[in-house]
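Visitor: Position one of the sequence shown corresponds to residue 6 (this note's numbering), numbered consecutively onward.
Positions of the beta carbon are idealized from the N, C-alpha and C atoms, including for glycine.
First the structure, then my questions, so here it is.
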Amino acid sequence: MSKMKANIDENLIKMSDLKSNSSDEREKDANYWKSKLTPEQYQVTREGGTERAFTGAYWSTKKTGTYYCICCNAPLFISIHKFDSGTGWPSFYESINSNAIRTRSDTSHRMMRTEIICSKCNSHLGHLFNDGPQPTGQRFCVNSLSLKFLETES
Ligand SMILES: [Zn+2]
Numbered sequence: 006m007s008k009m010k011a012n013i014d015e016n017l018i019k020m021s022d023l024k025s026n027s028s029d030e031r032e033k034d035a036n037y038w039k040s041k042l043t044p045e046q047y048q049v050t051r052e053g054g055t056e057r058a059f060t061g062a063y064w065s066t067k068k069t070g071t072y073y074c075i076c077c078n079a080p081l082f083i084s085i086h087k088f089d090s091g092t093g094w095p096s097f098y099e100s101i102n103s104n105a106i107r108t109r110s111d112t113s114h115r116m117m118r119t120e121i122i123c124s125k126c127n128s129h130l131g132h133l134f135n136d137g138p139q140p141t142g143q144r145f146c147v148n149s150l151s152l153k154f155l156e157t158e159s
């Protein structure tokens, strides 16, 4: 459980600035994101923060639909890949497709973790662990604050 406890740490994880030559979402500056996001969303998505477990909007959501990036609206996860991990964060065993999310190593807090970020805008989403259910064995541990859920009309 020590790993999960560490995730609750509210300290900011300073993300390195990623430069891009194209004028896409990854080039937007802090003022742009501050005007678009709530302070809580900004802290998590643009500064690598972590929301408190069991406080987010989606950790227990079981509805059918799609989870989008709160910053750029890119589709990231779908509900059929969501599972109850018991951690208090929305957890998925797979992303919506292999291009939606990128990973990079995160060595903050004296841990070796894999950070997950939105491919389109570099938003911090959460971390990836290898203790998820089959068929992938992976666990995408995501902050609700990084996501926007839209229910599928039935
Ligand atoms: Zn995004």
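Which residues bound the beta strand (DSSP E) around Pro95?
Guide: As a working mapping, residue 95 is identified with position 90 in the sequence shown. From DSSP, Pro95 is part of no beta strand (DSSP E); its letter is neither H nor E.
Visitor: Tell me the DSSP bridge mates of Val49?
Guide: For the purposes of this step, residue 49 is taken as the residue at position 44 of the sequence shown. None; Val49 has no bridge partner.
Visitor: With distances taken from CA atoms, which of Ser90, Arg31 and Leu130 is nearest Lys153?
Guide: Position 148 of the sequence shown, counted from the first residue, corresponds to residue 153. Comparing Cα positions, the closest option is Leu130.
Visitor: At the level of alpha carbons, what is the spacing between Arg5 and Gly70?
Guide: The question about residue 5 has no answer here: the residues shown for the chain are numbered 6 through 159.
Visitor: Alpha carbon to alpha carbon, how far is Leu133 from Ser110? Give it in angstroms, no decimals.
Guide: Position 105 of the sequence shown holds residue 110. Position 128 of the sequence shown holds residue 133. Between Ser110 and Leu133, the C-alpha separation is close to 10 Å.
Visitor: Quick one: which unbroken beta strand (DSSP E) runs of 3-plus residues sit fully inside the stretch 48-82? Chain order, please.
Guide: With a minimum length of 3 residues, the continuous beta strand (DSSP E) runs that stay inside the stretch 48-82 are 70-74.
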